[in-house]
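Using the UniProt record's numbering, you'd call the opening residue of the sequence shown number 1 and step up by one each time.
Here is the structure we will look at, set down as C-alpha cells.
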Amino acid sequence: MSFKRSSPEMVFTSQCALSGLISGCQWIRTPAIVYSTHVATTLIPILAHILFYDFPVKPHPGPQTNRERWLLVSIYAPYLLVPVLLLLTMLLSSKYNSTSKPGSTSGKAKKKN
C-alpha cells in the first residue's frame with residue numbers, strides 16, 4: 001500500500017470514527033459495518049497465505065520458518081482484530097442498534113400527529 005493511498009484513507013476513517021463513534025451518531029453504523037466486514041474478509045486470505053504458502057527463497061524471499069510466519073501474522077493481527085471489534089460494537093451495542101420496541105412509533109410518525 002502506498003502512502004498516497006493510505007493517507008486519504010486514514011483521514012477519512014479517522015474523521016468518521018471521531019464524528020460517529022464519539023458523538024454516538026446513528027449514521028455511522030452502516031458504513032462501519034461495511035468497512036469492518038470488508039477489511040476483515042480481506043485479511044483472512046492474506047493471513048492464510050502467510051501461514052500456508054510455500055514462499056520461494058529467491059528472488060523475493062518470504063517467511064521461511066514458523067517463527068517468521070507467526071511474527072508476520074502478529075503484525076497483521078491488529079488489522080483484523082480492530083475491524084472485528086468495530087463490527088461487534090455496531091451489531092451488538094444498544095447505542096448504535098436502532099431497532100424500536102414493539103408498540104412504539106418512530107420519530108417521523110410522531111411528527112405527523
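The beta-carbon is built from N, C-alpha and C at its ideal position, and this holds for glycine as well.
Note that this is a predicted model, so its numbers are computed, not measured.
Per DSSP, histidine 60 lies in no alpha helix (DSSP H) and is assigned neither H nor E.
Taking a C-beta distance under 8 Å as the contact criterion, phenylalanine 55 and proline 63 qualify as a contact pair. Burial check for alanine 77: the Cβ neighbour count within 10 Å stays below 16, so the residue is exposed. About 6 Å separates the CB atoms of leucine 80 and alanine 40; that is less than 8 Å, so the two are in contact. If you draw a straight line from the Cα of valine 82 to the Cα of serine 36, it is about 8 Å long.
Distance check between leucine 72 and each of Ile46, Ser94, Thr30 places Ile46 closest, using alpha-carbon atoms only. Nearest neighbour of tryptophan 70 by Cα position, chosen from Ile28, Ile50, Leu91, Pro31, turns out to be Ile50.
Burial is judged here by how many other beta carbons sit within 10 angstroms of a residue's own beta carbon; isoleucine 44 has fewer than 16 and is exposed. Under the three-state reduction of DSSP, asparagine 97 is assigned to coil, being neither helix nor strand.
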